[in-house]
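Scroll down for the structure; my scribbles are underneath it.
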Amino acid sequence: MVASRLAKRLLHYGLQTYGQYYQLLNSGRHPHEFQLMVNILTTNETYFFREPKHFEFLQDQIIKSWRGDNFRLWSAASSTGEESYSIGMTLAEGLGMRKWEVFGSDVNTEVVATAQRGVYLMDRLDNMEKRYLDKYCLKGVRSQDGYFRVDEKIRSRISFDQINLKTTLPRNLGQFDVIFLRNVLIYFDTETKQDIVQRVISALKPGGYFFISHSETLHSIKTELSMVTPSIYKKPCK
Ligand SMILES: C[S@@+](CC[C@H](N)C(=O)[O-])C[C@H]1O[C@@H](n2cnc3c(N)ncnc32)[C@H](O)[C@@H]1O
76 MVASRLAKRL LHYGLQTYGQ YYQLLNSGRH PHEFQLMVNI LTTNETYFFR EPKHFEFLQD
136 QIIKSWRGDN FRLWSAASST GEESYSIGMT LAEGLGMRKW EVFGSDVNTE VVATAQRGVY
196 LMDRLDNMEK RYLDKYCLKG VRSQDGYFRV DEKIRSRISF DQINLKTTLP RNLGQFDVIF
256 LRNVLIYFDT ETKQDIVQRV ISALKPGGYF FISHSETLHS IKTELSMVTP SIYKKPCK
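Under our numbering, the first residue of the sequence shown carries the number 76, and numbering increases by one thereafter.
Below, the structure is given as structure tokens:
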């Protein structure tokens, strides 16, 4: 997979071997190439309301009884933004005009830019209920036919930025009530998983919830979290 994804970069530079590409990356002559390579190598599959049970849990078990003053949620591998906007629509339903915000981040700069635009093909609607489309999305007309844009009332509460989960988190990240880290741990070995989970949950408030995918597990990972239900964990209250 790595070889086939990088083959077009070798072609672009007229290189014969991956060793030559490696040297080019290290030469300092093409400063943007490293990020380009990262963007090519990441797998960004995602869709709206993926794993619907998580959105039900968020709504019924967390939001309904929420009594704080600013609900903060981090989608820590947000890809092209569908997860963050699905969360945004769920929060808008449950919290309405109360104060809430979603922060989405990803290592891939191209998907971060797509997420910031918030424009999607109509045939990418996937699990989104029609009433959400009517309430929170604007359907494109004329040259935008076939696309929709997430409405400003949702977009204004959601921000995106690049974060590599393998490195120190930004100082100004703050603390979150809920963190989604779904469908990304599968790409790492146990040691890296341990390191990433530890780093990410350091940004989770005491009593906060941590979501991974149903197809992932924290079995081999040591954490202070306790499992609420498979794929959903809770940080102990102080
Ligand atoms: C398969 S997508 C999952 C998207 C979404 N969370 C979901 O479940 O639908 C995995 C995302 O993790 C991102 N990713 C991979 N390694 C990362 C890293 N070290 N730091 C931050 N994001 C990373 C990829 O760029 C990709 O967008």
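All C-beta atoms in this analysis are idealised placements derived from N, C-alpha and C, irrespective of residue type, glycine included. Note that this is a predicted model, so its numbers are computed, not measured.
Span of the beta strand (DSSP E) around residue i
i	result
D226	Where D226 is concerned, there is no enclosing beta strand (DSSP E), given that its DSSP letter is neither H nor E.
S231	Taken as a continuous stretch (DSSP letters only), S231 belongs to no beta strand (DSSP E), as it is neither H nor E.
S150	F146 to S150
K214	C212 to K214
Terminal residues of the alpha helix (DSSP H) in which residue i lies
i	result
H116	Per the sequence shown, the amino acid found at residue 116 is Leu instead of His. Here the alpha helix (DSSP H) through L116 covers E108 to L116.
Y195	Not the alpha helix (DSSP H): Y195 falls in the beta strand (DSSP E), residues V194 to L196.
S161	E157 to L170
V177	Looking at the DSSP string, V177 is not in any alpha helix (DSSP H); the run it does join, the beta strand (DSSP E), is W175 to D181.
Own chain, CB closer than 6 Å to residue i, minus 5 neighbours either side, in chain order
i	result
L90	Y96
M164	Y207 and Y211
I271	L240
L85	Y96
Q318	The requested residue 318 does not occur in the structure, where the chain is confined to residues 76 to 313.
V186	N119, S154 and T155
Residue i, DSSP secondary structure in three states
i	result
P245	coil
T121	coil
E131	helix
T184	helix
N202	coil
L90	coil
D209	helix
R104	coil
S79	helix
R84	helix
G218	The sequence given here places Ser at residue 218; Gly does not occur at that position. Here S218 sits in helix by DSSP.
Spatial neighbours of residue i in its chain, beta-carbon cut-off 7 Å, leaving aside the 5 residues before and after
i	result
F124	F130, S161, D201, N202 and M203
D144	K174
I229	Y160, G163, M164, A167 and Y211
Y222	V194, Y195, L196, M197 and G215
V225	Y160, G193, Y211 and C212
Residues of its chain near residue i, where Cβ-Cβ distance is below 8 Å and the 5 sequence neighbours each way are ignored
i	result
C312	P281 and G282
A278	W149, L244, L248, G249, Q250, F251 and I254
S102	none
P127	N202
A78	Y93
Within-9 Å CB hit, residue i to chain D
i	result
R230	Structure shown: chain D not included; a single protein chain is present.
Q. Hey, which unbroken runs of the beta strand (DSSP E) at 3 residues or more fall wholly within the stretch 238-308?
A. 251-255, 279-286 and 301-304
Q | Segment contact, 8 Å Cβ cut-off, at least three pairs: the stretch 170-190 with the stretch 229-244 | A | yes
Q. With contact counted as at least three CB pairs below 8 Å, one residue from each stretch, are the stretch 211-226 and the stretch 131-143 in contact?
A. no
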